[in-house]
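Visitor: Got a structure for you, written out below as structure tokens; questions coming shortly.
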Amino acid sequence: MVRVSPVSRRWLPCYFQAEACGFFPVDPTSKEMPWLFDTSHGEVKVMELGQQIIWALCAVLVLAILYWLVKRRRVWNQRYGPLTKLDLVAEAEILLHYKRYSEAIQLLLEAQLRDPRNMHAKLQLLRCYAKLNNRDEFERVARDVYPALIQNKLILWDKIARAGRKMDPDNPLYQPSGNTQQGRS
647 MVRVSPVSRR WLPCYFQAEA CGFFPVDPTS KEMPWLFDTS HGEVKVMELG QQIIWALCAV
707 LVLAILYWLV KRRRVWNQRY GPLTKLDLVA EAEILLHYKR YSEAIQLLLE AQLRDPRNMH
767 AKLQLLRCYA KLNNRDEFER VARDVYPALI QNKLILWDKI ARAGRKMDPD NPLYQPSGNT
827 QQGRS
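In this note's numbering, the protein residues as written are 647 to 831.
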């Protein structure tokens, strides 16, 4: 252990700062940190073998817990998506409220990439394309949702068809058929 004499302390102003903050004791024989210093010889204590084994087991246990948490997080991300994932459809709805359609479309397309079966994202995309009067994209998404909506959600398909007829009146996809008329009655 290096002992700092009172004379050399004058030349070490940083030593005084460290001493004042309590980073290390001035004298190794002092009683400030008895668990670090052997007060009889002024030497640093060495842990016994039993203590070393206990600390090693604690370190292994901490590492095992960290490994388990990381693995669990990966499994969660694979099943449900990342924990930091935002609800993109809800964020797009906010953007739609402020008439920021192009940004909302980007978010909704990203939501569709994450989950291609997300019907809510597709319906919001239809809403955006109808507001922007984008016939081609509206028709592409409408053809995608048509099989799912025509079977059991006819009222929703009627709203989509009405919006499609406003943009493209000659498109047969949006024309009322016998199925939709029978579904209403």
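Positions of the beta carbon are idealized from the N, C-alpha and C atoms, including for glycine. Keep in mind it's a predicted model, so treat the numbers as computed, not measured.
Write down the C-beta distance between residue 768 and residue 758 rounded to the nearest angstrom, noting that I regard them as a contact closer than 8 Å.
Guide: Indeed, because the Cβ distance is near 7 Å, the residues count as touching under 8 Å.
Visitor: Measure the alpha-carbon distance for residue 781 versus residue 770 and round it to whole angstroms.
Guide: Whole-angstrom Cα-Cα distance: 15 Å.
Visitor: Helix, strand or coil: how does DSSP classify residue 746 here?
Guide: Coil, per DSSP.
Visitor: Express the C-alpha separation of residue 804 and residue 827 in angstroms, rounding to a whole number.
Guide: Residue confidence for residue 827 is low, a pLDDT of 43 falling below 50, so the modelled location carries little weight and cannot support an answer.
Visitor: Please go through the same chain and pick out, in chain order, the residues whose beta-carbon is closer than 6 Å to the beta-carbon of residue 774, but skip the five residues on each side of it.
Guide: Once the five neighbours on either side are set aside, the close Cβ partners of residue 774 are 747, 750 and 751.
Visitor: Tell me the rounded alpha-carbon separation between residue 716 and residue 705.
Guide: Each residue's alpha carbon lies about 17 Å from the other.
Visitor: Less than 7 Å between the beta carbons of residue 756 and residue 734, yes or no?
Guide: Yes, these two residues count as a Cβ contact at 7 Å.
Visitor: Following the continuous alpha helix (DSSP H) through residue 820, name the residue where it begins and the one where it ends.
Guide: No alpha helix (DSSP H) contains residue 820, which DSSP labels as neither H nor E.
Visitor: Just to confirm my understanding: we take residue 784, look at its own chain, exclude 5 residues before and 5 after, and list those with CB closer than 7 Å. What are they?
Guide: For residue 784, where only same-chain residues beyond five positions count, the Cβ hits under 7 Å are 772, 775, 776, 810 and 813.
Visitor: Rounding to the nearest angstrom, what Cα-Cα distance links residue 820 and residue 806 in this structure?
Guide: If I take the Cα positions, the gap works out to 8 Å.
Visitor: Please work out which residues of its chain come closer than 8 Å, Cβ to Cβ, to residue 795, disregarding the five sequence neighbours upstream and downstream, and give them in chain order.
Guide: Cβ within range, chain order: 802, 803 and 806.
Visitor: In terms of residues, what are the limits of the alpha helix (DSSP H) holding residue 783?
Guide: First-last of the alpha helix (DSSP H) with residue 783: 781-798.
Visitor: Given this structure, state the Cα-to-Cα distance separating residue 798 from residue 765, to the nearest angstrom.
Guide: Answer to the nearest angstrom: the Cα atoms are 14 Å apart.
Visitor: Assuming the contact rule is C-beta atoms closer than 8 Å, residue 754 and residue 736 should be a hit. Round their C-beta distance to whole Å, please.
Guide: 11 Å between Cβ atoms; not a contact.
Visitor: What do you reckon, is the C-beta of residue 753 under 6 Å from a heavy atom of the ligand NAP?
Guide: For the structure depicted, the ligand NAP is absent and the ligand set is empty, with no information on it obtainable.
Visitor: Could you give the first and the last residue of the continuous alpha helix (DSSP H) run that contains residue 763?
Guide: From DSSP, residue 763 is part of no alpha helix (DSSP H); its letter is neither H nor E.
Visitor: Would DSSP call residue 834 helix, strand or coil?
Guide: Since the first residue of the chain shown is 647 and the last is 831, residue 834 is not available in this structure.
Visitor: Determine the direct distance from the alpha carbon of residue 742 to that of residue 822, and round the result to whole angstroms.
Guide: Cα to Cα, residue 822 sits roughly 28 Å from residue 742.
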